[in-house]
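> Below is a structure I'd like to ask you about.
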Ligand SMILES: Nc1nc2c(ncn2[C@@H]2O[C@H](COP(=O)(O)OP(=O)(O)OP(=O)(O)O)[C@@H](O)[C@H]2O)c(=O)[nH]1
Ligand SMILES: [Mg+2]
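Protein chains in written order, with my numbering: chain A, 1 to 330; chain B, 331 to 892; chain C, 893 to 1029.
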């Protein structure tokens, strides 16, 4: 399929071609960059929401319920759900889709024309998303999905990758993950804009809530301190000064607390949009992404051009110096 | 005694050193570590030392007496053979009625109903989700009208009927009772079984409509109503069969089934039901898989465990301590390849069931990996049981394997392993089995345990360390065209037509009132069964009654764990 | 390129042992596997196959309802703009051989009877998928 066909298809809302475009991007098909370039001007309208948290806390269930809720509010919803690929076989069990409500529920999300769900394997990338998740989000954005939910791997490690794609990051916790060390280690406080304690039915949710709120108040103080010193991440700081991170409780499988969560997500977006924070944030992300793409290409080029050099007897440092000199010259 | 033991011990040392050792190095088989099908490590040979810790009177004893290891009746099959009951049903009520009459003529002694999927899920034949499945792998039942046809010419006082039905179990019991009334059979002559075991659906079989808690509530409603109204009817068949089919080990099958049984009994007692009233109306249902002795040991252990449990719960009547169970040979062990081999598999499995002391038995047909059984295949399956009963001589002595060092050791071993699981489940519920089982359903404990075992089993087959004859060894090129049963494709249309007719002809005003009554019972937490019974008699459909339940309780989607 | 497989349970039958074990083993063989969960309708399966742009659709059925459900899945894939001729469609379960031709005519590439080792299914996918992809272009 040629670029033209696909771009036009995605633009016109053809699901099948959107699905193909995603595959092209995921598989780094030679046409994929051109497709993305052509579609880029159509992007920027979607509110991208990252959903992250430890394995089994209820991310997919919340994604399903949020989808239902946003549909009720008349918005179209695109979903990208990432699951871990095995580092050994490359295989992956993409098990998030099956939480999406179908069959006997009156509103069948599987068949809803305004819902598009795509599962991705992390394919070797760490940080909770796949290398191409950001580009897939762009495709959904260009296809005019208004809300895009990105479910991270949930590997229990620092899932900072979500920051590269999401405007709003929702961190899901549950009572049993309430022990302080876990929460601290994961760097979860820094990445979240909204905190959800799911499975509130299990009891012990109040403890986690109290703990998170306490940690957030400490964090707030550090941010204030930092804001005096650091120049980095300007948008992030601006945002933090205007947004008090809320902590909510949900019972996702029963839909309890989902409306409130959707409200907070929308509220956060409004805050971002005010004073151009959103734009700043996105600009920063675009910059990073441009650098990434460039590095990626340079790397590929280096591998292509200098493969033979590495076979030589010289040490890698000398070879590297040589390569850099040449590459930078051109 | 002590002197003899010393003598044996000495002999054993000598045997191990001089006789056994030279042979060990000569073992030709690739297998080095022998295990049962469920992975219990087993020795080369068993002797009195392996069962030293067992006490004959306490652990083995005599049949018909506590702890019933050897059988619930003192005479067992001398008094009465097990019930030969073949699970069957397909197409419309007429088709199934015909097959049943053939089976009864051929010497079957009890009926067992296979329903189609829409009926099992509580959907009417005209439901969009039923499309394509009506009458496919069982009989389609929408209203009492179908039951009237199904039991036409079958006197309920002469034969007992078992119903593999779960979410709509109460509806089917009500229909059967209504048929009994129509035939003027006294209520205490109405015999049979409804499966009515939702826990194992959540663990394994996935025929799920309502959430776990209301499902349990309705089950206890059925207990209450059934004790009063059909005192000779088994109100539940607590099933391990499906747990095993889903891939569990023998120990998991036993442990989860007994845990479920305990949960049901506890739930009934919480409702105030007298345990000695309920107990005679409980029954169990196990799988007979390939490992002959392991299965026998499992059956023997199950009886012993249940007797202890019921006694502990305070049941006074010794009959309350009985575990009566039905067995079906393992459907999952059947192969599509070289289908005639299945006859042999089924024979071995059925033999284990009989040596294990079952009360009734279903033998699978050799063509069931391909389709619903043909008439010829069903006949062979039935003949297999008759051969065991009348020709083999195994039914002439009660518990003929009792006292076998191996079987006694294995019985004890399996029991111990099963208790461990049960204790774990009890802990999950902080001492309550009801809570423990519900917790295990919610957190995926049961499903995960079973899935892991299933994957392990498959891995062994893939690696070839487990041999399945005709599948991963001894394969042939073969023409697989065996004659199979065909279900008339017109079934769906005819069934829908009948349903429409019934709906038109019934008194819809009475019907509405009855459905309202059901709803109010649900909402006010009253026993739903009196209302269900009336609704059934006013020709309410299975879908209408289940639909009413769904409106109040909601439908349940089970969390899926791979 | 990663091979993406949709493992689907369609209809009312709740026997998921086969599907789940298959999903695990396909993952271990290096595929990306999407499992639909139980009780899906043909439409839902088809929609997932198209949106997820899978290479293989594997349907597991033990209910005897493969006809009409499997042909319907294929029909809906087409309706949703997908091209079943570029996908490998395989079915596993209790399928009478009389129905094999009907399924093949409807576009089914492989039929696996109970007891088939999963290694055979994997081999089939690896061999047949490239042919199918070429043919479909
Ligand atoms: N008790 C309870 N269980 C819940 C709740 N929300 C979700 N669950 C259950 O928790 C389990 C895991 O839910 P998922 O939504 O798959 O969790 P996840 O975070 O997406 O899991 P991974 O993608 O595997 O990391 C499922 O069995 C859900 O039904 C809740 O509020 N209460
Ligand atoms: Mg998930």
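All C-beta atoms, glycine included, are put in the ideal place defined by N, C-alpha and C. Given the structure is predicted, the values throughout are model-derived calculations rather than measurements.
Would residue 95 of chain A pass as an interface residue toward chain B - the criterion being a Cβ-Cβ separation below 8 angstroms?
Yes, residue 95 of chain A counts as interfacial toward chain B.
> Could you name the residues of the same chain whose beta carbon sits closer than 7 angstroms to that of residue 371 of chain B, not counting the 5 residues immediately before and after it, in chain order?
Same-chain partners within the cutoff: 363, 365.
> Might you give, ordered along the chain, the residues of its own chain that have their beta carbon closer than 6 angstroms to the beta carbon of residue 677 of chain B, omitting 5 neighbours on each side?
These residues qualify, in order along the chain: 714.
> Considering only heavy atoms of ligand 2 and the C-beta of each residue, which residues fall inside 6 angstroms, strictly closer?
Result (chain order): A:59, A:60, A:96, A:151.
> Nearest to residue 198 of chain A by alpha carbon, out of A:297, A:247, A:124, A:218?
Ranking the options by Cα distance to residue 198 of chain A, first place goes to A:247.
> Exposed or buried, what is residue 935 of chain C when buried is set at 16 or more other beta-carbons lying within 10 Å of its beta-carbon?
Buried is the call here.
> Is it a yes or a no for the region 51-59 of chain A touching the region 164-176 of chain A, going by three-plus beta-carbon pairs under 8 angstroms?
Cβ pair count under 8 angstroms is three or more, so yes.
> Evaluate residue 369 of chain B with the Cβ neighbour count: other Cβ atoms within 10 Å of its Cβ, from every protein chain shown; 16 or more gives buried, anything less gives exposed.
Residue 369 of chain B should be labelled exposed.
> Grouping DSSP H, G and I as helix and E and B as strand, with all else coil, what is residue 47 of chain A?
Of the three classes helix, strand and coil, the one that applies to residue 47 of chain A here is strand, per DSSP.
> Hey, would you say the C-beta of residue 984 of chain C is under 7 angstroms away from at least one heavy atom of ligand 1?
No - ligand 1 has no heavy atom lying nearer than 7 angstroms to the Cβ of residue 984 of chain C.
> With the cut-off set at 8 angstroms, would you say residue 974 of chain C and residue 941 of chain C are in Cβ contact?
Taking 8 angstroms as the Cβ cut-off, residue 974 of chain C and residue 941 of chain C qualify as a contacting pair.
> In three-state DSSP terms, what is residue 886 of chain B?
Coil at residue 886 of chain B, not helix or strand.
> Since residue 811 of chain B meets chain C, which of its residues come closer than 9 angstroms, beta carbon to beta carbon?
The contacting residues are 989, 990.
> What ranges does the beta strand (DSSP E) occupy inside the region 133-161 of chain A, keeping only unbroken runs of at least 3 residues that lie completely in it?
Entirely contained in the region 133-161 of chain A, the beta strand (DSSP E) runs reaching 3 residues are, in chain order, 147-151.
> Out of C:919, C:926, C:993, point me to the one whose CA is closest to residue 901 of chain C's CA.
Residue C:926 is the option with its Cα nearest to residue 901 of chain C.
> Could you give the C-beta distance for residue 1000 of chain C and residue 962 of chain C, rounded to a whole number, given that I count them as a contact under 8 angstroms?
Indeed, because the Cβ distance is near 6 angstroms, the residues count as touching under 8 angstroms.
> Give me, in chain order, the residues of the same chain whose beta-carbon lies closer than 8 angstroms to that of residue 712 of chain B; leave out the 5 immediate sequence neighbours on both sides.
The residues are 414, 416, 433, 436, 437, 438, 693.
> Counting only the same chain and skipping the five closest in sequence on each side, list residues whose C-beta sits under 7 angstroms from that of residue 622 of chain B.
Around residue 622 of chain B: 678, 682.
> Assign residue 898 of chain B to buried or exposed, taking buried as 16 or more other Cβ atoms, counted over all protein chains shown, within 10 Å of its Cβ.
Outside the displayed span of chain B (331 to 892) sits residue 898 of chain B, for which this structure offers no information.
> So, at 7 angstroms on beta carbons, what are the nonlocal neighbours of residue 178 of chain A in its own chain, with the 5 sequence-adjacent residues on each side left out?
Any reading at residue 178 of chain A must be qualified, since the residue scores a pLDDT of 48, below 50, and its modelled position is unreliable; the value itself is stated next. Taken in chain order, the residues that qualify are 204, 207, 208, 211.
> Once you ignore the five residues that flank residue 256 of chain A on each side, which residues in its own chain have a CB closer than 7 angstroms to its CB?
If we look at residue 256 of chain A and ignore the five residues flanking it on each side, its Cβ neighbours are 250.
> Using 8 angstroms as the threshold, is the region 716-727 of chain B in touch with the region 696-708 of chain B, meaning 3 or more CB pairs across them?
In short, these stretches do not touch, since the Cβ pair count stays below three.
> Using a Cβ-Cβ distance cut-off of 8 angstroms, determine whether residue 892 of chain B contacts chain A.
Cβ-Cβ to chain A under 8 angstroms: yes for residue 892 of chain B.
> Note down the Cα distance separating residue 562 of chain B from residue 403 of chain B, rounded to an integer number of angstroms.
When rounded, the distance between both Cα atoms is 18 angstroms.
> Once DSSP output is grouped into helix, strand and coil, what is the label at residue 957 of chain C?
If DSSP states are grouped into helix, strand and coil, residue 957 of chain C belongs with coil.
> I'd like the ranges of any beta strand (DSSP E) spanning at least 3 consecutive residues and lying wholly in the region 62-118 of chain A.
Correct list: 77-83, 92-94.
> Within its chain, find whatever has a CB closer than 6 angstroms to the CB of residue 114 of chain A; leave out the 5 residues flanking it on each side and keep chain order.
Once the five neighbours on either side are set aside, the close Cβ partners of residue 114 of chain A are 76.
> Starting from the N-terminal side, write out each stretch of the alpha helix (DSSP H) that is 4 residues or longer and does not extend beyond the region 518-546 of chain B.
With a minimum length of 4 residues, no continuous alpha helix (DSSP H) run stays inside the region 518-546 of chain B.
> Using a Cβ-Cβ cut-off of 8 angstroms, state whether residue 791 of chain B counts as contacting chain C.
For residue 791 of chain B, the answer is yes, since a Cβ of chain C falls inside 8 angstroms of its Cβ.
> Go ahead and pull the three-state DSSP assignment for residue 844 of chain B.
Helix.
> Rounded to a whole number of angstroms, what is the C-alpha to C-alpha distance between residue 10 of chain A and residue 17 of chain A?
Cα to Cα, the separation comes out at about 6 angstroms.
> Count the C-beta pairs between the region 136-154 of chain A and the region 19-30 of chain A that are closer than 8 angstroms, then say yes if the count reaches three, no if not.
Yes: the two stretches touch, three or more of their Cβ pairs being nearer than 8 angstroms.
> Among the residues of its own chain, which have a CB less than 6 angstroms from the CB of residue 407 of chain B, if the five just before and after it don't count?
Correct list, in chain order: 725.
> Name the residues in the region 929-960 of chain C whose C-beta lies less than 8 angstroms from a C-beta of chain A; which are they?
Cβ contacts with chain A come from 929, 931, 932, 933, 935, 936, 939, 940, 942, 943, 944, 945.
> Residue 538 of chain B and residue 886 of chain B look like a contact to me (Cβ under 8 angstroms); what is the Cβ gap, rounded to whole Å?
Indeed, because the Cβ distance is near 6 angstroms, the residues count as touching under 8 angstroms.
> Rounded to the nearest angstrom, what separates residue 589 of chain B and residue 60 of chain A at their Cα positions?
Cα to Cα, residue 589 of chain B sits roughly 31 angstroms from residue 60 of chain A.
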